[in-house]
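Report on the structure given below.
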Amino acid sequence: VKIREKPVAIAKRTIRLKPPDDKTPAISPAELLDQVMAGISAKTGKEEKIPQTAPAPVTDKPTSPTPGPFSSGSEDESIAVRLYKLDVFEKIKSNWSYPTVDNQNPVAIVVVNVKNDGTILDFHLKKSSNSDLFDQSVLLAVKRSNPLPPFPEGYRKSHEQIEINFNLSDLKNR
-9 VKIREKPVAI AKRTIRLKPP DDKTPAISPA ELLDQVMAGI SAKTGKEEKI PQTAPAPVTD
51 KPTSPTPGPF SSGSEDESIA VRLYKLDVFE KIKSNWSYPT VDNQNPVAIV VVNVKNDGTI
111 LDFHLKKSSN SDLFDQSVLL AVKRSNPLPP FPEGYRKSHE QIEINFNLSD LKNR
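Mapping of the sequence shown onto the working numbering: residues -9 to 164, in sequence order.
Dropping the structure here:
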């Protein structure tokens, strides 16, 4: 066991500290998710709840829109992939701006095709909001977000389609 010295000023003594163990304590996926959500709520200043409902079934293509920022969740989808999609959602939303003077609440759905290194291969509107200005703001946010974070370790797909719901109330609540 190598012992490294770290000088600590206590009555002019040097105290030898043991190196930290290479083993990290095992954290359950639920605890990891709680830690990440706590960090996000600390950043945004509000607490977000994760719905306890069963996710949608797995499909290779995006299905009809579901409530929330993105869809295509599944029971088989790992916590790491869910956290990755949450990171993608947060990055794109951080690049999104729209004049909020409009009293309507437009909604647009964008499908983003992402390479495993985070490069956005392509993206398109799956559902228009019927407002050209709103749709352009959504597409510009996706464009500004390139590249996205790379896929999590152990995720074997070479690319992924992520469906993101943009709702004006999301922007107002930031």
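Glycine is no exception: its CB is placed at the ideal position from the N, C-alpha and C atoms.
Computed from a prediction, not measured in an experiment: that's the story for all the values here.
Burial is judged here by how many other beta carbons sit within 10 angstroms of a residue's own beta carbon; K75 has at least 16 and is buried.
Between the stretch 77 to 91 and the stretch 125 to 137, the count of Cβ pairs shorter than 8 Å is three or higher; the stretches touch. For L115, the pairing in a beta bridge is given by DSSP as V100. With 16 or more other Cβ atoms from the protein chains shown falling within 10 Å of its own Cβ, R72 counts as buried. Ranking S148, V97, I110 and Q94 by CA distance to the CA of V78 puts I110 first. Annotation for S127: Y88 place their beta carbon closer than 6 Å to its own, counting only its chain and skipping 5 residues before and after. Rounded to whole angstroms, the separation of the alpha carbons of N95 and S159 is 7 Å.
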